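Numbering (our numbering), first residue to last: 580 to 1321.
So this is what it looks like as structure tokens:
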């Protein structure tokens, strides 16, 4: 174990660059005056903001230069990631398509092979799309006949996507180019002549509203659905649906496997709740989809569900009989069936389970269903009848995560992608043509230098502040002595009904093996681990439950002897970044280090940028008085405060009489949680805790790592992933006095 001596010695105070405070910016929220002195940082292209970013980068670089383990971490991460990785294949027209990275390529490459025994060939290498690996693949769609690939690329991690088309047989790239695509999927029609997609209107001036680095922060409104005919200009695309009266709606098109219907999921927020429309493509008048341009009419969608009351996702259809995954009157989800010719008559095919959450269902091999349950954050696979819902077979899998199921009703096989904390990845192939489905290993990821027998993963349950039992995974070296000496990394998310399930992480292995860390994942409320009830218990007026759950996770790790407060690092991203920031505001003395990635830090203004308006379902909105009162109580930006004298006395250890060493991480192209959240929070922390106080007790550093030509996290190259992990964990190790273990 590493020495505690370094953690006992306070670091010399850093000299933080000055940031102008504009006292004239004060907002009136329902009679409450709230200053916003760093509002100018919301203008990301201003010279003042750029100068602030450069100055803060200099501070961070200076701190990172003192972190001894940075180079060794980078070397160990590089070695562990240098192994072949495969994703589950999907089948179209007798060909199999899959992503594969042989080791350290910037991005995984899309391969195609004709038949299971065919020779794999590169179809599309994202690394060839840019000189600096900042262009990534964000979506792909292969036509049913496997003749064409439509693919979307994202520059610098942006949510904005450009869609292009390639002919599969000779890799010829067609001239088709579709811009301003966002929050979309590629849905080919069965005839392979074109596909549906979603986009926003092009700005009046393509240069207006974007900084020179390419980020747009204006609110995204007026989503539309188009049909693109191969070989035509985007200006000729067929407008299939829009609704100017509801500019906040987001549309997701999908074509049923039989090609008869195009489905339209309509959502307004990130809540699992949508309207569901359908259109019978076979009933379109002569001229079909292209003929709509002549009539200037949209598709004649039928509104099967036209209220935001629940989630509806079509699993399969037999003619007019639709089988649907829904949470209507079923917070843990169920499968229902409706004949669209009798839309008022719904029946349950697979009722809601008493405890487990129905995560997904996939119709395969004619009339079979492969269903995936989540029970106490453990996946359970079953084969059931699509007709009756009857259980046919249990399919045993280890404790871990089912990350993907690939199969169709027309095929007699299905692929299942699996991983766990100690299993880097397995792709199973299940032959459904025999009586009993057999899960055979199709491909398995092997990581040189990683011996899973050296480690153990276990699940514990601890009581939160209100007594609710919260599950948490604890992963560490075997036979660890619980003497409180170990550094610990605690990760959480707790929002939007998203479940955090066991996944393999090379960085986590390095932390455990070379720095002696205990790594922990708390499945706090706000997630979907126990269904919609668990989600709602951590959202809106109940959001404080998330922070209480996370804080009590830290307290449990200390009281159980895993670690001490000075060696407890907390980490989270996006909503998890908000989680970390709120918790260090509320309990600064409980943590030794905090890593907050791309967090939502200004809870009063998040809805004013890009897609932030869609998060009001989980957070609320400051424009409503009751919801403002929720938000102002925990908004990270508005709750930074110096610890009171009473808190200092209770903390004892002088390192705990202040905020923990904090690294805020963001990126200049993050157009989901815009960088101004982090910049304003950073400036506020440095001002309140440091520069506004003579002889400030805050000696723990407060820095920001601001990535260039990068976004919210998706599409980063392998090297960027390595560099960022090495930086943040070297920072944590340095701040908590953790020594290297050879």
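By construction, the Cβ of each residue, glycine as well, lies at the ideal position given by its N, Cα and C atoms.
Note that the coordinates shown come from a computational prediction; the quantities given were computed from them, not determined experimentally.
Assigned exposure category for residue i - 16 Cβ within 10 Å defines buried
| i | result |
| --- | --- |
| residue 1291 | buried |
| residue 1040 | exposed |
| residue 1046 | exposed |
| residue 1265 | buried |
| residue 1277 | buried |
| residue 825 | exposed |
| residue 1089 | buried |
| residue 951 | buried |
| residue 974 | buried |
| residue 1225 | exposed |
| residue 976 | buried |
| residue 926 | exposed |
| residue 1297 | buried |
| residue 800 | exposed |
| residue 758 | exposed |
Beta-ladder partner(s) of residue i, from DSSP
| i | result |
| --- | --- |
| residue 767 | 774 |
| residue 621 | Partner(s): none; residue 621 has no beta bridge. |
| residue 1317 | According to DSSP, residue 1317 bridges with nothing at all. |
| residue 1069 | 1099, 1149 |
| residue 896 | 901 |
| residue 1044 | Residue 1044 pairs with nothing; no bridge assigned. |
| residue 1023 | 1005 |
| residue 720 | 729 |
| residue 1192 | None; residue 1192 has no bridge partner. |
| residue 1159 | In DSSP, residue 1159 forms no bridge with anything. |
Proximal residues to residue i (C-beta, below 6 angstroms), its chain only, five neighbours per side dropped
| i | result |
| --- | --- |
| residue 715 | 686, 705, 733, 1294 |
| residue 1188 | 796, 1253 |
| residue 846 | 829, 853 |
| residue 692 | 675, 699 |
| residue 613 | 606 |
| residue 1243 | 1175, 1257, 1261, 1283 |
| residue 839 | 861 |
| residue 739 | 761 |
| residue 1281 | 1241, 1264, 1265 |
Nonlocal neighbours in the same chain, by C-beta distance under 7 angstroms from residue i, ignoring five residues either side
| i | result |
| --- | --- |
| residue 822 | 828 |
| residue 618 | 601, 604 |
| residue 1305 | 649, 652, 653, 656 |
| residue 789 | No answer about residue 789 holds up, because its pLDDT of 41 lies below 50 and its placement is not dependable. |
| residue 1167 | 1222, 1237, 1238, 1239 |
| residue 879 | 858 |
| residue 920 | 899 |
| residue 1086 | 656, 1304, 1308 |
| residue 636 | 1285 |
| residue 616 | 600, 601, 602, 604 |
Coarse secondary structure for residue i, derived from DSSP in three states
| i | result |
| --- | --- |
| residue 651 | helix |
| residue 1168 | helix |
| residue 679 | strand |
| residue 1281 | strand |
| residue 964 | strand |
| residue 915 | strand |
| residue 1091 | helix |
| residue 1111 | helix |
| residue 826 | coil |
| residue 951 | strand |
| residue 789 | Residue confidence is low: residue 789 scores 41 on pLDDT, short of 50, so the model does not pin down where it sits. Its coordinate-derived value is still stated next. Of the three classes helix, strand and coil, the one that applies to residue 789 here is strand, per DSSP. |
| residue 1180 | coil |
| residue 670 | strand |
| residue 1286 | strand |
| residue 1264 | helix |
| residue 1064 | coil |
| residue 636 | helix |
| residue 854 | strand |
| residue 978 | coil |
| residue 920 | coil |
Cβ-based neighbour list, residue i, same chain, cut-off 8 angstroms, excluding 5 preceding and 5 following
| i | result |
| --- | --- |
| residue 984 | 667, 939, 941, 949, 951, 993, 994, 995, 996 |
| residue 1065 | 580, 1055, 1059, 1095, 1096, 1097, 1141, 1142, 1146 |
| residue 918 | 899, 900, 901, 924 |
Inset, instruction - Taking 8 angstroms as the threshold, find out whether the segment 902–909 comes into contact with the segment 865–880 through three or more Cβ pairs. - result: no
Inset, instruction - Give a yes or no on contact between the segment 930–948 and the segment 1131–1140, applying the rule of three or more CB pairs nearer than 8 angstroms. - result: no
Inset, instruction - Would you check if the segment 987–1007 and the segment 838–856 touch, i.e. whether three or more CB-CB distances between them fall below 8 angstroms? - result: no
Inset, instruction - Assess, as a yes-or-no matter, whether the segment 1110–1119 is touched by the segment 1073–1088 under the definition of 3 or more beta carbon pairs within less than 8 angstroms. - result: Segments in contact, yes.
Legend entry - Touching by the beta-carbon criterion (3+ pairs, under 8 angstroms), the segment 1066–1076 and the segment 1148–1159: yes
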